[in-house]
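As structure tokens, the structure follows; a few thoughts come after it.
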Amino acid sequence: MELLIAACLLIQHFDSVAIRDCDGDYVADAYAKVASCLEKSATQETERDMQRLLARGSDLFEKLKKLEARVGTDEELKLSDTLRYYMKDTQAAKVTVLTYVHSVCLQDLLYRRMRCLANYEAANKNLERARGRNKDVPKVGTDTFVTPFCSTFDSFNIIMV
């Protein structure tokens, strides 16, 4: 009768442990406690058959404890591998985004530099035309036409180097 009550209590205990936490360590700890209880009961039992039954039950729960600990470790390894995979994937995505942003910025800078060079060349061409028509183009005309484009283009050259 006591054995039946103990078995019912064990079943309730394992159900509560399984519901409380799915981690393998808690279940393995519960198996260890049950194994030690069964071993104590086996030493206190007077009947030979009951001693053997309780000792075998204790051995069974010890083996289950080892198995459950291995299962828990395997699950932890799977979770850590999954986490590591997603961390690498996230890092690769960050690098991809940064590379894209860098290339867009570089393209923008190159476009602005080329646009500035075209403006500089157009200003030089217009100045040469003005000089060709009019032999007396003052120095002020050179400063107002070409110098702003030249300084902007030079600043882009400094950035690119």
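Here this note's numbering is used: the first residue of the sequence shown is 98, the next is one more, and so on. Glycine is no exception: its CB is placed at the ideal position from the N, C-alpha and C atoms.
Exposed or buried, what is residue i when buried is set at 16 or more other beta-carbons lying within 10 Å of its beta-carbon?
i: S200; result: exposed
i: Y197; result: exposed
i: S248; result: exposed
i: L176; result: exposed
i: V237; result: For V237, the predicted structure reports a pLDDT of 49, less than 50, and the residue's modelled location is therefore unreliable. A value from the coordinates is still provided. The residue in question, V237, is exposed, as its Cβ has fewer than 16 Cβ neighbours within 10 Å.
i: V124; result: buried
i: L135; result: buried
i: Q204; result: exposed
Restricting to Cα atoms, I'd like to know which of the options is closest to residue i.
i: D126; options: K191, E165 and D178; result: E165
Keeping to the same chain, check which residues put their C-beta closer than 6 Å to that of residue i; ignore five residues upstream and five downstream.
i: A152; result: A139
My assumption, with CB atoms under 8 Å, is that residue i sits in contact with residue j. Please give the rounded CB distance.
i: A132; j: S155; result: 5 Å
If I measure Cβ to Cβ from residue i and keep anything under 8 Å in the same chain, skipping five residues before and after, which residues do I get?
i: Y128; result: F158, E159, L161, K162 and E165
i: Q188; result: none
Excluding sequence positions up to five away, which residues of its chain have a Cβ less than 7 Å from the Cβ of residue i?
i: Q148; result: A139 and E142
Which runs of the alpha helix (DSSP H) fall wholly inside the segment 149 to 237 and span at least 4 residues, in chain order? Taking 4 residues as the minimum length, the segment 149 to 237 contains no alpha helix (DSSP H) run wholly inside it.
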